[in-house]
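Numbered continuously in this note's numbering, the first sequence closes out at residue 357.
Report on one structure; see the data block that follows.
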Amino acid sequence: MPELPEVETVRRGLEPVMAGARIQRVEQRRPDLRFPFPERFIERLQGRTVREVGRRAKYLTLLLDDGLTLISHLGMSGSFRIEGAAGDELPGQYHYERSKNQAHDHVVFHLTRPDDTSWTVTFNDPRRFGFMLLAGPDEIVSIKALAGLGMEPTGNALNGEALSDLFRGRRTPLKAALLDQRLIAGLGNIYVCEALWRAGLSPMREAGSIAGRPGRSTSRADRLADAIRGVIAEAIEAGGSSLRDHMKTDGSLGYFQHSFSVYDREGEPCSRPGCRGLVRRSVQSGRSTFHCASCQR
DNA sequence: AAGTGAACCTGAAGGC
DNA sequence: TGCCTTCAGGTTCACT
Numbered sequence: 061m062p063e064l065p066e067v068e069t070v071r072r073g074l075e076p077v078m079a080g081a082r083i084q085r086v087e088q089r090r091p092d093l094r095f096p097f098p099e100r101f102i103e104r105l106q107g108r109t110v111r112e113v114g115r116r117a118k119y120l121t122l123l124l125d126d127g128l129t130l131i132s133h134l135g136m137s138g139s140f141r142i143e144g145a146a147g148d149e150l151p152g153q154y155h156y157e158r159s160k161n162q163a164h165d166h167v168v169f170h171l172t173r174p175d176d177t178s179w180t181v182t183f184n185d186p187r188r189f190g191f192m193l194l195a196g197p198d199e200i201v202s203i204k205a206l207a208g209l210g211m212e213p214t215g216n217a218l219n220g221e222a223l224s225d226l227f228r229g230r231r232t233p234l235k236a237a238l239l240d241q242r243l244i245a246g247l248g249n250i251y252v253c254e255a256l257w258r259a260g261l262s263p264m265r266e267a268g269s270i271a272g273r274p275g276r277s278t279s280r281a282d283r284l285a286d287a288i289r290g291v292i293a294e295a296i297e298a299g300g301s302s303l304r305d306h307m308k309t310d311g312s313l314g315y316f317q318h319s320f321s322v323y324d325r326e327g328e329p330c331s332r333p334g335c336r337g338l339v340r341r342s343v344q345s346g347r348s349t350f351h352c353a354s355c356q357r
């Protein structure tokens with residue numbers, strides 16, 4: 061489920077339980093996910109206190125009191141679920157628990173908080189494309205996964221000029237450039253399709269074609285930057301609001317309650333006012349692209 | 001260098 | 001009902 065907004069939603073869900081909590085015990089139920097777990101994974105976590113629950117692009121980061129950071133990626137199907145040990149801290153938790161196949165519960169963190177409440181945080185990942193890494197204070201910058209990441213698509217740093225400079229001279233399709241985590245870190249297939257639709261730009265257009273002269277923006281780059289920031293901000297907002305529902309009722313994180321303009325809407329009429337086009341599905345570098353050829357140029 | 005396709009793995013959904 | 005194929009939010013690697 062995880063592009064940046066979903067990972068941020070997960071972060072916000074974990075923070076109130078994990079930040080400040082002591083990791084009493086860790087259950088690691090298999091030797092690997094996508095990669096083998098780090099050496100002495102359990103031993104290095106048990107007894108530590110979580111100082112911060114952070115996020116970089118699609119990675120969650122748990123900073124511990126000894127300077128170690130647990131870096132976690134959800135892959136395609138990873139999720140965390142929180143359960144109060146007393147059983148009644150989270151109303152409706154039973155329903156949520158039942159909705160998951162516990163055969164894919166791979167890691168369980170047993171936590172205690174300063175107020176003496178006890179919790180478990182369980183990592184579930186059917187496809188096992190997720191992974192966990194440990195990095196010491198000096199290693200964190202050299203962790204390969206994080207080292208090459210581009211700018212976050214949130215906030216004012218991502219503007220037309222920045223996009224123009226990032227994409228200048230690139231002949232790769234705009235879609236591929238936006239998915240390239242080395243340029244912008246955190247976008248995935250859904251939000252790239254959505255942002256391109258909002259900006260009225262074709263996914264097939266050369267990335268460099270929206271660039272202006274060095275240090276200058278263009279109206280296309282401005283539109284795209286606005287669309288990206290808007291889509292991401294709204295998705296985080298939606299995830300944040302659905303997180304409360306998720307606590308009460310089921311395991312969905314708003315993803316499925318989200319209505320997209322083009323993603324997974326093949327054959328439907330384009331929803332841009334005045335546009336008569338239909339949403340088309342195509343394949344770019346092995347992944348589905350959804351766009352309206354009539355209004356996305 | 002840039003682009004594509006396959007690989008990793010399980011489960012859901014659709015066609016017949 | 002069941003069997004088969006296709007597809008899925010990500011990343012990485014091998015090839016042309």
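The beta carbon of each residue, even a glycine, is placed where N, CA and C say it ideally should be.
- Under the three-state reduction of DSSP, M211 is assigned to strand.
- Annotation: R104 is outside any beta strand (DSSP E); the continuous alpha helix (DSSP H) that includes it extends over 101–105.
- By the neighbour-count criterion, in which 16 or more other beta carbons inside 10 Å mark a residue as buried, R276 falls on the exposed side.
- For a cut-off of 8 Å, the C-beta gap from I296 to L284 is around 19 Å, too long to register as a contact.
- With 16 or more other Cβ atoms inside 10 Å of its own Cβ, S139 counts as buried.
- One alpha carbon belongs to G190, the other to D225, and they sit about 32 Å apart.
- Distance check between S279 and each of S348, F169, P197, A259 places A259 closest, using alpha-carbon atoms only.
- In the three-state DSSP reduction, A117 falls in the coil class, being neither helix nor strand.
- By the CB criterion at 8 Å, A195 and I131 fall inside the cutoff.
- Between Q88 and F101, the CB-CB gap stays under 8 Å.
- In the structure shown, F189 falls within a coil segment according to DSSP collapsed to helix, strand and coil.
- Counting only unbroken stretches of 4 or more residues, the alpha helix (DSSP H) elements lying wholly within the segment 233–277 are 234–239, 249–259, in sequence order.
- For V70, the closest of A81, V110, T121, D92 by C-alpha to C-alpha distance is T121.
- Spatial neighbours of R108 in its own chain (CB-CB distance under 8 Å, excluding positions within 5 residues in sequence) are listed in chain order as R82, I83, L124, D125, D126, L128.
- Around the beta-carbon of P91, fewer than 16 other beta-carbon atoms lie within 10 Å, marking it exposed.
- Here DSSP, grouped into helix, strand and coil, assigns S279 to helix.
- When the beta-carbon positions are compared, L134 and V67 come within less than 8 Å of each other.
- A distance of 8 Å or more separates the beta carbons of L64 and L256.
- Exposed is the label assigned to Q162, since fewer than 16 other Cβ atoms lie within 10 Å of its Cβ.
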